[in-house]
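Residue numbers (this note's numbering): 28 to 202.
Built from N, CA and C at the ideal position, the CB exists for glycine as well.
Beneath this line is the structure, given in structure tokens, with notes to follow.
Pasting the structure below:
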């Protein structure tokens, strides 16, 4: 996920920092019967912190032979992930199609992802996330250093599972 020149990692493999995950999950209210999916499980920094029974948790991880974009999943109540930057549009479209009507979708992304001219049609079709907390301080993805841009959680919160995060742009503090 890093935008730092010279720190590009193969296959967009940027594990989500634990403090970034914990800041987000401290605001999440899961329901007892929620089904959860993590499309890019990676190092399990998100997946392992979701407090639901294992039969209610689903995952994909291309490094473990489960490609999210080619695998069918049942309808989900909560989907949270840090997708490969180069495939974010494809991932969001698929996740929104698998989300329950009162579901909650959360993607970690660079703030500048919102402003690219090439994504104007995508945003017109899919709609902007209703909540976009910017992560403070910047997450540290590569070699423990800070990145060169701001990051946010893009949240489509139809289920109001993030009631403490206001609609629109806000901040979320990682410790």
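What do you get for residue i, buried or exposed, if any count of 16 or more other CB atoms within 10 angstroms of its CB means buried?
i: residue 109; result: buried
i: residue 113; result: exposed
i: residue 102; result: exposed
i: residue 118; result: buried
i: residue 151; result: exposed
i: residue 36; result: Confidence at residue 36 is low in this model, with a pLDDT of 45, below 50, so its placement is unreliable and the value that follows should be read with caution. Flag for residue 36 reads exposed.
i: residue 59; result: exposed
i: residue 55; result: buried
i: residue 75; result: exposed
i: residue 210; result: Residue 210 cannot be examined here, being either before or after the span of the chain that is shown, 28 to 202.
i: residue 48; result: buried
i: residue 155; result: exposed
Within the same chain, show all residues whose beta-carbon is closer than 8 Å to that of residue i, passing over the 5 residues directly before and after it, in chain order.
i: residue 106; result: 63, 64, 65, 66, 122, 125, 126, 130, 131, 132, 133
i: residue 94; result: 87
i: residue 241; result: This structure cannot settle anything about residue 241, because the visible part of the chain is limited to 28 through 202.
i: residue 44; result: 72, 166, 167, 168, 201
i: residue 128; result: 185
i: residue 153; result: 119, 120, 123
CB-CB under 7 Å to residue i, same chain, minus the five flanking residues each way: which ones, in chain order?
i: residue 77; result: 63, 84
i: residue 160; result: 179, 180, 192, 197, 198, 199
i: residue 149; result: 116
i: residue 42; result: 69, 70, 72
i: residue 143; result: none
i: residue 100; result: 64, 85, 125
i: residue 32; result: Because the pLDDT at residue 32 is just 43, under 50, the model does not fix this residue reliably, and the value given afterwards should be weighed accordingly. Once the five neighbours on either side are set aside, residue 32 has no close Cβ partner at all.
Name the DSSP bridge partner or partners of residue i?
i: residue 110; result: Looking at the DSSP assignment, residue 110 forms no beta bridge with any residue, so it has no partner.
i: residue 195; result: 158
i: residue 131; result: 105, 184
i: residue 15; result: Only positions 28 to 202 of the chain appear in the structure, and residue 15 is not among them; the question remains open.
i: residue 93; result: 88
i: residue 41; result: Looking at the DSSP assignment, residue 41 forms no beta bridge with any residue, so it has no partner.
i: residue 126; result: 103
i: residue 179; result: 136, 161
i: residue 200; result: 163
I'd like the list of long-range same chain contacts for residue i, defined as Cβ closer than 6 Å, with 5 residues on each side in sequence excluded.
i: residue 51; result: 180
i: residue 104; result: 61, 62, 127, 130
i: residue 188; result: 55, 56, 131
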